[in-house]
Amino acid sequence: SAADLVFTGIQPTGIPHLGNYVGAIKQMVNLQHRYTGSILLSVVDLHALSTPQDPKLLRSSILDLTACLLACGINPKDTILFQQSMVPQHTELAWILFCNCSLPRLQRMAQWKEKQTLVKDPGVGLLTYPILQAADIMLYKSTLVPVGEDQTQHIELTRDLSKAFNIRYGPVFPECSMIAGEVPKIRSLRNPSKKMSKSEQSEKGRIELTDSPDKIADKIKKAVTDFTSELTYDPINRPGVSNLLDIQLALYDDIDLDDILEDSFLRAEDTGQYKVRLSQLVADKLAPIREETIRFQADTGYLMDVLRDGADRASNIAAETLDEVKRNVGL
Ligand code: ADP
Ligand code: NA
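Structural data, given as structure tokens:
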């Protein structure tokens with residue numbers, strides 16, 4: 046509806062990969078015309094701090110991600126593109142929500158159960174960042190959140206915290222929902238039982254948006270598949286091969302699964318040969334994004350201007366919501 050507000054965030058923890066692109070960025074690009082001025086995309090640097098970050102690398106990742114988002118087609122005139130830490134209301138609202146969320150509710154989150162085993166000596170932020178994420182969404186009274194299915198639990202938490210706040214302190218927050226597009230989950234090339242992620246240690250499992258054609262071909266060639274040479278789609282029993290098909294489907298809107306399988310059948314292609322063809326298709330799609338990213342990366346002054354301007358616009362909305370929240374809470 047006309048009153049909808051769209052919000053999503055991406056962590057500046059490295060160059061975005063194909064999963065981020067088809068799961069979030071591509072959708073945001075498609076939505077920005079319809080929701081011009083009511084769509085926010087945040088480079089969520091505070092979230093990145095929930096796991097240890099090298100300060101120099103973090104700073105360059107913020108600019109790299111911004112360059113990549115612009116290269117993918119995010120237009121800073123239509124989309125409010127900003128750096129999370131430039132808008133202090135995110136942490137202020139998060140604190141108020143911390144005080145209104147039970148500990149067991151957080152300890153039940155799948156991300157916590159998984160991530161605490163990956164990090165040595167996990168910090169408290171790793172447990173509590175879903176509340177910061179809820180604050181990110183609620184601060185703008187967002188109603189639509191285009192994210193991958195890996196975020197379902199976090200959106201549920203946001204809905205619960207909004208409802209609880211409204212009951213306890215009076216109606217402030219609208220109900221938000223995930224945008225139920227066909228957002229595919231892309232899996233790691235090396236470990237197809239896991240999602241493709243920036244937080245997977247080895248970059249061999251992910252195709253970054255700035256990878257060269259050679260690098261793409263090498264990663265896809267070494268993608269874990271199985272001993273069946275025939276190309277079939279069966280995500281449960283053949284997650285590796287099915288993931289490759291999902292990648293082509295997600296990148297090429299004008300083609301469906303039957304088209305791909307039939308085409309491959311006519312070519313008498315085995316999975317190895319399909320990998321070679323897919324590499325070319327992925328490289329073709331990523332070539333313009335890669336070139337544009339490199340062009341934007343060379344202009345850090347422009348990137349900083351975009352982030353600062355976005356933060357100014359985001360702050361206007363954030364300040365209003367936080368005033369209302371403080372009044373209702375009794376501050
Ligand atoms: P990552 O796990 O790679 O660090 P983020 O947490 O920064 O990614 O998520 C950014 C956005 O990308 C979110 O909307 C998330 O749902 C989406 N996303 C992340 N990984 C995938 C994936 N493998 N497939 C589809 N969408 C994904
Ligand atoms: Na993540």
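Under full-length UniProt numbering, the first residue of the sequence shown carries the number 46, and numbering increases by one thereafter.
C-beta atoms are modelled at their ideal positions from N, C-alpha and C, and glycine is treated no differently.
The structure displayed is predicted, hence computed values, not measured ones.
First and last residue of the uninterrupted beta strand (DSSP E) at residue i
| i | result |
| --- | --- |
| F210 | Note, F210: premise wrong, no beta strand (DSSP E); alpha helix (DSSP H) at T197 to Y214. |
Start and end residues, alpha helix (DSSP H) containing residue i
| i | result |
| --- | --- |
| L126 | That residue, L126, is in no alpha helix (DSSP H); its beta strand (DSSP E) goes I125 to Q128. |
| S309 | L302 to L311 |
| F143 | Q134 to F143 |
| I334 | T316 to Q342 |
| P280 | Run containing P280: none; DSSP gives neither H nor E here. |
| R372 | T345 to V374 |
| A180 | V169 to M183 |
| S147 | Note, S147: premise wrong, no alpha helix (DSSP H); not H, not E. |
| C113 | P100 to A116 |
| L76 | K71 to L76 |
| E159 | A155 to L163 |
| D263 | P258 to K266 |
| D90 | D90 to A93 |
Bridge partner(s) assigned by DSSP for residue i
| i | result |
| --- | --- |
| E253 | H62 |
| K240 | R232 |
| V190 | M223 |
| F52 | L85 |
Contact with chain E by residue i, beta-carbon distance below 9 Å
| i | result |
| --- | --- |
| A359 | Absent here is chain E; the protein component of the structure consists of one chain. |
So, do the region 174-189 and the region 239-249 have three or more beta carbon pairs nearer to each other than 8 Å?
No, they do not touch.
Three or more beta-carbon pairs under 8 Å between the region 323-332 and the region 288-297, yes or no?
Segments in contact, yes.
Does the region 121-129 come into contact with the region 356-366, if we say contact requires no fewer than three beta-carbon pairs (one atom in each stretch) closer than 8 Å?
yes
With a threshold of 8 Å, are at least 3 pairs of Cβ atoms found where one atom belongs to the region 268-282 and the other to the region 229-236?
The answer is yes - the region 229-236 touches the region 268-282, with three or more Cβ pairs under 8 Å.
For the pair the region 244-264 and the region 83-94, tell me if three or more CB-CB distances fall below 8 Å.
no
Stretch pair the region 102-112 + the region 52-68: three plus CB contacts closer than 8 Å
yes
For the pair the region 167-183 and the region 201-214, tell me if three or more CB-CB distances fall below 8 Å.
yes
Is it true that the region 135-153 meets the region 169-180, where meeting means three or more beta-carbon pairs spaced less than 8 Å apart?
yes
Does the structure place the region 151-170 close enough to the region 94-103 that three or more beta carbon pairs sit under 8 Å?
yes
Counting pairs of beta carbons, one from the region 186-201 and one from the region 62-73, are three or more of them closer than 8 Å?
yes
Are three or more beta carbon pairs between the region 299-313 and the region 337-352 nearer than 8 Å?
no
Specify whether the region 143-155 and the region 197-207 touch according to this definition: at least 3 beta carbon pairs, one from each stretch, less than 8 Å apart.
These segments touch.
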